[in-house]
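Chemist: This is the structure I have questions about; it appears just below.
Protein chains in written order, with full-length UniProt numbering: chain E, 1 to 305; chain P, 1 to 305.
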């Protein structure tokens, strides 16, 4: 029984209104894995890195994350992304993208990962996402897929093929509009749910998230923060917290999905409070429960009729 | 005991992606008054119209709204606004603004309005808002003020003066950022609450609303709608529903404020479903309770620790 996360393990260099970093550890699987590790014990990562990643892999290992599926390419260089956030923190410019070893990523699934019950397909080419699914001998109980507008632009057919094989899709509101061709998110969700996924999560950043499925809708708030220090990885931490919670509670239904979104939102809210993975490396269970209580207080109202 | 609403009673001509109207009835006090009338029996409006408004005043009177304070200027023309919404419905161009009788609006308070306990100062010049307050012999139990970026641009000092005299300010997120000079809404709220209001409501349109006050925060969802037909008046219907609910329950505290925001949001969600005041004219109490139940289902989650 395990939760397998496929995604990038990378170096990032970031510039935000609050400061600048040299190369620090990033990558979707890193953020998602760290977030999930607080909720579930059997987290396993599939990724590819270069030899230059070196001791940084300890960041995952120290959280008891299985890295047998993280291939180290001899003499290779790790995927590197550099970006600069604008003052509003909602938009950013990519300064550098060096795919390096990611260019030829051929996801290898160790035998010990074949017990995968929960699968998070992080934002990667739809081709790699499909390959991963095909290489698992047993269809997982739950497949969550994250993607982005880039793949809608350059690999829409592949993306549509993988959408047929998954349970939950997480995208942002602009991407939901692009994928469906509908401006109304209600109409967009209806169309996207016909493409395959049973559930759709629309991430709206500082405005929270919407969950559609089983003919129901849930609106999750985002915690208003005094400072968003670095938004990098927030979506990945959200996805990791989301699937980590479901792996923990084991039962998949709309109510558990709602709670999973709150846990994902809580982990994401920590993620943005410091640069890179810094904050996600050092949480306690008390920190997380305190944050969950803040979300409960934030959203709760009681109307007696 | 009454709820007094000061604001425009107007004609609008609208163009949205769904269609076009000739001159129809609009105005902040109209939308707010109609919304409030479903929740509270003693709604009274202060405004100014021209003789051309004619029988249209029946729209308010038929909802048992007191219009003694609506001055009719002989030979005058009613305030007229014409606008065109863009495809995303979140932005619009003003095509025509004819102030007409509004240009010399000198708010007159009938003696029968001096029982005002709840006062909604709709979006008008801060000067008119202050005059209204000064002409009430007794400070109301609750003063809610709506304003907009325009007054921050041209009458900031007057606006700051009126902010010192009110209890609740409702503005949108861009306006909260402009008024405070802070991008973070948490920091913006802290600054604005130091300007006078005890409570701040930040309206975020399709993303819901935030309430700040008493050291607490509440995030209210917006109901995801398949079609937003015409956003005109949504903010006014929100404010009217909000203050109408508080007038009904009588007690002012953070929990009632939260519920008031849900009622305001429910009324606003009806408002946008048809052109102008059409939908707000024909609601039943069952319609409203059904909508409230939708908001409860939309936001509710239960996490057991």
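Every residue, glycine too, gets a C-beta built ideally from N, C-alpha and C. Just so we're clear, the structure is a prediction, and the values are computed from it rather than from any experiment.
1) Report the start-end ranges of each alpha helix (DSSP H) in the stretch 64-112 of chain P that is 4 residues or longer and not cut off at the edges.
2) Mind checking who residue 300 of chain E pairs with in its DSSP beta bridge?
3) By the three-class DSSP mapping on this structure, what secondary structure does residue 294 of chain P have?
4) Short of 6 Å in beta carbon distance, which residues of its chain neighbour residue 180 of chain E, apart from the five on each side in sequence? Order them along the chain.
5) For chain P, find out if any of its Cβ atoms is closer than 8 Å to the Cβ of residue 312 of chain E; answer yes or no.
6) If you drop the 5 nearest sequence neighbours on each side, which residues of the same chain put their C-beta closer than 8 Å to that of residue 164 of chain P?
7) Tell me the DSSP secondary structure of residue 125 of chain E in three-state form.
8) Which residues in chain P have a C-beta closer than 7 Å to the C-beta of residue 2 of chain E? List them in chain order.
9) Pick out the complete alpha helix (DSSP H) segments inside the stretch 225-258 of chain E, 4 residues or longer, and give them in chain order.
10) Tell me which same chain residues have a C-beta within less than 6 Å of the C-beta of residue 39 of chain P, skipping the five on either side of it?
11) With a CB to CB cut of under 7 Å and the five nearest residues on each side skipped, what residues in its chain are close to residue 298 of chain P?
12) Identify which residue in E/7, E/237, E/274 and E/256 has its Cα closest to the Cα of residue 125 of chain E.
13) Under 7 Å between beta-carbons, which chain P residues line up against residue 207 of chain E? List them in chain order, please.
14) Between the C-alpha atoms of residue 44 of chain P and residue 239 of chain P, what's the straight-line distance to the nearest angstrom?
15) Between P/143, P/122, P/153 and P/48, which lies nearest to residue 104 of chain P when the distance is taken from Cα to Cα?
16) In terms of alpha-carbon separation, which member of P/151, P/26, P/119 and P/94 lies closest to residue 137 of chain P?
17) Quick test of the definition: if touching needs 3 or more C-beta pairs under 8 Å, does the stretch 275-287 of chain E touch the stretch 3-21 of chain P?
18) Are the stretch 206-222 of chain E and the stretch 257-275 of chain E touching by the rule of at least three beta carbon pairs closer than 8 Å?
19) What separation, rounded to the nearest whole angstrom, lies between the Cα atoms of residue 33 of chain P and residue 80 of chain P?
20) So which residues of chain P does residue 185 of chain E contact, with C-beta pairs closer than 7 Å?
21) Taking the alpha-carbon of residue 62 of chain P as reference, which of P/52, P/276, P/3 and P/30 has the nearest alpha-carbon?
22) Helix or strand or just coil, what does DSSP make of residue 44 of chain E?
23) Cα separation between residue 318 of chain P and residue 129 of chain P?
24) Helix, strand or coil for residue 52 of chain P, going by three-state DSSP, please let me know.
25) Just to confirm, are residue 122 of chain P and residue 201 of chain P a CB contact at a threshold of 8 Å?
26) Quick one: what's residue 219 of chain E bridged to in DSSP?
27) If you draw a straight line from the alpha carbon of residue 158 of chain E to that of residue 106 of chain E, how long is it in whole angstroms?
28) Is it a yes or a no for the stretch 138-155 of chain P touching the stretch 167-184 of chain P, going by three-plus beta-carbon pairs under 8 Å?
29) Would you say residue 123 of chain P faces chain E, with C-beta separation under 8 Å as the test?
30) Beta-carbon within less than 7 Å of residue 50 of chain P's beta-carbon, same chain only, minus the 5 sequence neighbours each way: which residues are those?
31) Anyone know if the C-beta pair for residue 213 of chain P and residue 198 of chain P falls short of 8 Å?
32) The beta strand (DSSP E) with residue 15 of chain P in it runs from where to where?
33) Could you list which residues in chain E have their beta carbon closer than 7 Å to that of residue 298 of chain P, in chain order?
34) Taking 8 Å as the CB-CB cut-off, is residue 171 of chain P touching chain E?
35) For residue 93 of chain P, I'd like the list of residues in its chain whose CB is within less than 7 Å of its CB, leaving aside the five on either flank, ordered along the chain.
36) On the DSSP letters alone, give me the boundaries of the alpha helix (DSSP H) that residue 2 of chain E sits inside.
Modeler: With the given structure in hand:
1) none
2) Per DSSP, none; premise fails for residue 300 of chain E.
3) helix
4) 188, 191 and 192
5) Past the boundaries of the shown model lies residue 312 of chain E; chain E is included only from 1 to 305, so the question cannot be answered.
6) 195 and 196
7) coil
8) Within 7 Å Cβ-Cβ: nothing; residue 2 of chain E doesn't reach chain P, min ~24 Å.
9) 234-249
10) 244, 245 and 248
11) 221 and 223
12) E/7
13) 204 and 207
14) 15 Å
15) P/48
16) P/119
17) no
18) yes
19) 18 Å
20) 224
21) P/30
22) strand
23) Any property of residue 318 of chain P remains undetermined from this structure, which presents chain P solely from 1 to 305.
24) helix
25) no
26) E/210
27) 16 Å
28) yes
29) no
30) 73, 76, 77, 78, 100 and 101
31) yes
32) 10-16
33) 217, 218 and 219
34) no
35) 83 and 84
36) Note, residue 2 of chain E: premise wrong, no alpha helix (DSSP H); beta strand (DSSP E) at 2-6.
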